[in-house]
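For the sequence shown, the numbering used here assigns the number 19 to the initial residue and increments by one for each residue that follows. To keep things clear, I will list the structure first and then write my remarks on it.
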Amino acid sequence: MAFEDKYIGFPPEIRLTHLIHLVAFFGLALSGFFIHNPLGLGALAAVKWVRFTHTVSAIFFYATFVFRLYYAFGTGDYVNFKLLPEDLPQAKEWLKYYFFLRPEKPVQRKYNPLQKFTYYTLITLLLLQAATGLGLYFKHDFPWVLAIMAGLQSVRTLHFFVAVILTAIVGLHFYLTLTAADQRLRKSMFALGRIRSRD
């Protein structure tokens, strides 16, 4: 997806999947916290509901993840994620901007280099999280999966730390959206229609 002359922002399908992704993430994070530390839940029925919430949230989360990959390749949007020779030196300038060491925002394409690096990191982490999550969920059916990953406790630990990293990335995303993102782009993510570029 490239920005058009008349409009700026995100198409409806991206806004919808972004919203579903957000809700599903919080469902995963909150239910995952209670699964990690279930002592406060009390009744066994509550534990079952938390596990159910975690499973359903994971289904929606990864469905939107797969859709976003399909959308990227199906529409040609993937070209915006390509790493370019100038990305590495530009990344330094973006770090200066984010740490208030330069006053003006560097010139960027649709995504700046740090966003690209973050997206590649996210894809790797989400695939790893899916593998460890499925390994934990089907631990009795596919014990060889746990064996490959050095045992049940290692998988639990890895799943937990990846969840912490993902939560930190989401927190950083919120912060940068509120402090550094173009106001028109931010508005377009929640608007019902496209935002005119001259608004």
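From the three backbone atoms N, C-alpha and C, an ideal C-beta is built for every residue, glycine too.
- Contact between the stretch 27-42 and the stretch 80-96 is established, with three or more Cβ pairs separated by less than 8 Å.
- Within a 10 Å sphere around the beta-carbon of N55 sit fewer than 16 other beta-carbons, which makes this residue exposed.
- Remark: three or more beta-carbon pairs, one from each stretch, lie closer than 8 Å, so the stretch 145-155 and the stretch 175-192 are flagged as touching.
- DSSP places Y193 inside the alpha helix (DSSP H), whose first and last residues are L170 to T197.
- The residue from I53, I141, A81 and T82 with its alpha-carbon nearest to that of R69 is I53.
- Take the alpha-carbon of T82 and the one of P103: they are about 30 Å apart.
- Cβ-Cβ separation between W112 and N98: approximately 16 Å, too far for a contact (criterion under 8 Å).
- When DSSP states are grouped into helix, strand and coil, Q108 belongs to the helix group.
- DSSP, read as helix, strand or coil, puts K123 in coil.
- P107 has its alpha-carbon roughly 42 Å from the corresponding atom of T73.
- In the structure shown, Y129 falls within a coil segment according to DSSP collapsed to helix, strand and coil.
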